[in-house]
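J.: These protein sequence lines are chains A and B, in that order.
Quick note: the first sequence uses this note's numbering, first residue 1, plus one each step.
Quick note: the second sequence uses this note's numbering, first residue 1001, plus one each step.
The C-beta atom is built at its ideal place from N, Cα and C for all residues, glycine as well.
What follows is a single structure, and I will ask about it in a moment.
2 protein chains.
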Amino acid sequence: MTPRRARGAPQDDARPLTEPVEDYLKAIYAIEQSGEAAGTSDLATRLEIAPASVSGMVRRLADQGLVSYERYRGVRLTDAGRRAALRTIRRHRVIESYLAKALGYAWDRVHAEAERLEHAASDELVDRMAEAIGEPLTDPHGDPIPTRDGVIDETRHQRLSDLAAGQRSRVKRVSDDDGELLRYLAQIGIRPGVMVTVAERAPFDGPLSLRIGKVTVQVGPVLASRVMVELLPD
Amino acid sequence: MTPRRARGAPQDDARPLTEPVEDYLKAIYAIEQSGEAAGTSDLATRLEIAPASVSGMVRRLADQGLVSYERYRGVRLTDAGRRAALRTIRRHRVIESYLAKALGYAWDRVHAEAERLEHAASDELVDRMAEAIGEPLTDPHGDPIPTRDGVIDETRHQRLSDLAAGQRSRVKRVSDDDGELLRYLAQIGIRPGVMVTVAERAPFDGPLSLRIGKVTVQVGPVLASRVMVELLPD
DNA sequence: AACCCGATTTAGTTTATCCTAAACCGGTCC
DNA sequence: GGACCGGTTTAGGATAAACTAAATCGGGTT
């Protein structure tokens, strides 16, 4: 039973980031990764929060120096904000990896658990977990794990849905937040490291035929856009 | 990135207990263990919160059916409240045990970490942790771990400070919330399972001489009152 | 240049928790 | 039995983060 001190207590000094703040920073980071400045409604969608609520929070983040913000123009992480985001992301991904490797979690269950633990786990715990499973470089979905000093591999990969018929590729990562999707991907054998060839693809965003090992599978473009790959030379 | 929904969201249905609520229930349980109904200021002290704040919260707990409360009379856990408290306590103690056994945490560090994780860890995670380390019956400080169904060993032990000179005893548990104390106890060899004999004791709550294995140590009555033992037959 | 529409922001509320200061109760002390 | 005292409770605020509804901005249309 340790202190409490929070919500409505007259604030005095520098307290750690709150859970919502960490979630906003992660979301902003994610949006910046695949595009430019994060707009209010992108954030609202991703966080499942009303757009109006985002405006308010974003102002508070700016007050804390975590983002730069111009009304009607979207937010952008400051260096401090990016560092904080990467710290949270490291926690999340190390925890995911640990749950999978050390505790036998299925890869479609780790995300939800990590989502809660990432806010409570200390850096010491995260470091011990990372050490216990051999300092992994990526999480179970293939996302890169930032180092303790906030260095992250930001290599951009292409979507499987962007490949042309005949191209061979290796799966680098799959989106981690949809359990159903992950279960299906596991079932058809798509996971980081696996080789996938586009056998054929229908025009106008139609379904793709994929060769995974010896089997061929049909997948829709939505699913294919959730799989990031590295193109392999012919 | 999963929903948010919290603090100021118009509440709709039955949501899980909040962190403060879980902490209050644990504190009330602890006080009930070593005495009678929990008074407002006992709670305030233990939670490091102003007494006035406790009054308000306690009313809310009563509204939720977790405690029974009569103004100026203190609170008492209802069955639902006790079940909830034991669930949190199980999480806390399993996590403590896991940190110590599986991740090499020192026993004076596990409490603080568990204090935060207990609110975020799912029952599935806790069960997996317990399994991974062989379903421990007690945490590293000797406190009993409730089963999944909320059964806990409520055996009362006596304080080492209550023994008379010459009595032999086995350490059952030590209080877990003071890191300093734990480091010192570890240093002089006091931990659950160890045999301790009171060599002599000064009158008027003076210091005690303890024999632990081959060595003799002087300890003050405050320290001795934080060590719970089982008296051994002569 | 006036207009419109969707994206954003502001205004005003709600909830959960905490705080301080002031009022209050119950039980001793004379 | 009245005064006092410490433990409690009430009153009144503060904060963080959401929400809804209403106002507003910016950019493309005619």
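List the residues of chain A that S1122/B touches, going by C-beta distances under 7 angstroms, in chain order.
T.: Along the second sequence, read from residue 1 onward, the residue named residue 1122/B stands at position 122. E113, listed in chain order.
J.: Do V126/A and R90/A have their C-beta atoms within less than 8 angstroms of each other?
T.: Position 126 of the first sequence, counted from the start, is the residue given in the question as residue 126/A. Position 90 of the first sequence, counted from the start, is the residue given in the question as residue 90/A. Cβ atoms of V126/A and R90/A: closer than 8 angstroms.
J.: Could you confirm whether any beta carbon from chain A is found closer than 8 angstroms to the beta carbon of A1132/B?
T.: On the second sequence, position 132 is the one that residue 1132/B refers to. By this cut-off, A1132/B is an interface position.
J.: Should V215/A go down as buried or exposed, given a rule of 16 or more other Cβ atoms within 10 Å for buried?
T.: Locating residue 215/A in the first sequence gives position 215, where the first residue counts as 1. So V215/A counts as exposed.
J.: Along chain A, in chain order, which residues have C-beta atoms closer than 8 angstroms to that of G1104/B?
T.: Taking the first residue of the second sequence as 1, we reach residue 1104/B at position 104. Ordered by position in chain A, the residues that pass the 8 angstroms Cβ test against G1104/B are R128.
J.: Look at the alpha carbon of K1101/B and the alpha carbon of E115/A, and state the distance between them as a whole number of angstroms.
T.: As a working mapping, residue 1101/B is identified with position 101 in the second sequence. As a working mapping, residue 115/A is identified with position 115 in the first sequence. Between K1101/B and E115/A, the C-alpha separation is close to 24 angstroms.
J.: Does DSSP classify P3/A as helix, strand or coil?
T.: In the first sequence, the residue the question calls residue 3/A occupies position 3. Confidence at P3/A is low in this model, with a pLDDT of 44, below 50, so its placement is unreliable and the value that follows should be read with caution. Coil, per DSSP.
J.: Helix, strand or coil: which one does DSSP assign to P1051/B?
T.: One-based indexing of the second sequence puts residue 1051/B at position 51. Collapsing the DSSP output to three states places P1051/B in a helix.
J.: As a quick exercise: from L1066/B, A1062/B, P1192/B, Y1098/B, pick the residue whose alpha carbon is nearest that of H1141/B.
T.: Within the second sequence, numbered from 1, the residue matching residue 1141/B stands at position 141. Of L1066/B, A1062/B, P1192/B, Y1098/B, the residue nearest in Cα terms is P1192/B.
J.: For chain B, find out if any of its Cβ atoms is closer than 8 angstroms to the Cβ of R116/A; answer yes or no.
T.: One-based indexing of the first sequence puts residue 116/A at position 116. Cβ-Cβ to chain B under 8 angstroms: yes for R116/A.
J.: Check whether the segment 70-85 of chain A and the segment 95-112 of chain A are in contact - that is, three or more C-beta pairs closer than 8 angstroms.
T.: No: fewer than three Cβ pairs fall under 8 angstroms.
J.: So, is the C-beta of L125/A closer than 8 angstroms to a C-beta in chain B?
T.: Taking the first residue of the first sequence as 1, we reach residue 125/A at position 125. Cβ-Cβ to chain B under 8 angstroms: yes for L125/A.
J.: Report the start-end ranges of each beta strand (DSSP E) in the segment 1174-1231 of chain B that is 3 residues or longer and not cut off at the edges.
T.: 1195-1201, 1208-1212, 1215-1219, 1227-1231
J.: Taking only beta-carbon positions, decide if H1119/B is within less than 8 angstroms of chain A.
T.: Indexing the second sequence from 1 puts residue 1119/B at position 119. Closer than 8 angstroms to some Cβ of chain A, the Cβ of H1119/B qualifies, so yes.
J.: Buried or exposed: where does R1073/B fall if 16 or more other Cβ atoms within 10 Å of its Cβ makes it buried?
T.: Along the second sequence, read from residue 1 onward, the residue named residue 1073/B stands at position 73. Exposed, because fewer than 16 other Cβ atoms sit within 10 Å of the Cβ of R1073/B.
J.: Taking A164/A as the reference, which of E19/A, A50/A, I31/A, G206/A has the closest Cα?
T.: Looking up residue 164/A in the first sequence gives position 164. Checked all of E19/A, A50/A, I31/A, G206/A; the closest Cα to A164/A is G206/A.
J.: Residues bridged to Y1069/B by DSSP?
T.: Numbered from 1 along the second sequence, position 69 holds the residue referred to as residue 1069/B. Paired residues: V1075/B.
J.: Drop a sphere of 10 angstroms on the beta-carbon of T88/A, count the other beta-carbons inside from all chains shown, and report buried for 16 or more, exposed for fewer.
T.: Counted from its first residue, the first sequence places residue 88/A at position 88. Its Cβ being crowded by 16 or more others within 10 Å, T88/A is buried.
J.: Could you give the C-beta distance for I28/A and L43/A, rounded to a whole number, given that I count them as a contact under 8 angstroms?
T.: Working through the first sequence from its first residue, we reach residue 28/A at position 28. Working through the first sequence from its first residue, we reach residue 43/A at position 43. At roughly 7 angstroms, the Cβ-Cβ gap stays under 8 angstroms, so I28/A and L43/A are in contact.
J.: Alpha carbons only, please: which of A1106/B, G1039/B, L1025/B is nearest the one belonging to Q1187/B?
T.: The residue labelled residue 1187/B in the question sits at position 187 within the second sequence. That would be A1106/B, whose Cα lies nearest to the Cα of Q1187/B.
J.: Measure the alpha-carbon distance for D1139/B versus D143/A and round it to whole angstroms.
T.: To locate residue 1139/B, count along the second sequence from 1; it is residue 139. To locate residue 143/A, count along the first sequence from 1; it is residue 143. Going by the C-alpha atoms only, they are around 35 angstroms apart.
J.: Around the C-beta of M228/A, are 16 or more other C-beta atoms found within 10 angstroms, so that it is buried, or is it exposed?
T.: Walking along the first sequence from the start, residue 228/A turns up at place 228. When all chains shown are included, M228/A counts as buried.
J.: DSSP state of S169/A, grouped into three classes?
T.: What you label residue 169/A is simply residue 169 of the first sequence in a count that begins at 1. In this structure, S169/A counts as strand in the three-state DSSP scheme.
J.: Using the DSSP secondary-structure output, state which residues sit across from T1138/B in a beta bridge.
T.: By 1-based counting over the second sequence, the position of residue 1138/B is 138. Beta-bridge partners assigned by DSSP to T1138/B: P1144/B.
J.: What is the rounded straight-line gap between the Cα of A1132/B and the Cα of V1094/B?
T.: Looking up residue 1132/B in the second sequence gives position 132. Looking up residue 1094/B in the second sequence gives position 94. Spanning the two alpha carbons is a distance of roughly 11 angstroms.
J.: Select from A62/A, R46/A, L210/A the residue whose C-alpha is nearest the C-alpha of D162/A.
T.: Position 162 of the first sequence, counting from 1, holds the residue named residue 162/A. Nearest C-alpha to D162/A: L210/A.
J.: Out of V1219/B, R1201/B, A1037/B, L1066/B, point me to the one whose CA is closest to Y1184/B's CA.
T.: Taking the first residue of the second sequence as 1, we reach residue 1184/B at position 184. Closest option to Y1184/B, judged by alpha-carbon separation, among V1219/B, R1201/B, A1037/B, L1066/B: V1219/B.
J.: Look up Q64/A in the DSSP assignment and say whether it is helix, strand or coil.
T.: Reading the first sequence from its first residue, position 64 is the one you call residue 64/A. DSSP places Q64/A in coil when its eight states are reduced to three.
J.: Have a look at the DSSP bridge pairing and note the partners of Q947/B.
T.: There is simply no residue 947/B to check, as chain B begins at 1001 and stops at 1234 in what is shown.
J.: Contact defined as beta carbons within less than 8 angstroms: I believe V1021/B pairs with L1047/B. What is the distance between those atoms, to the nearest angstrom?
T.: Along the second sequence, one-based indexing puts residue 1021/B at 21. Along the second sequence, one-based indexing puts residue 1047/B at 47. At roughly 11 angstroms, the Cβ-Cβ gap does not stay under 8 angstroms, so V1021/B and L1047/B are not in contact.
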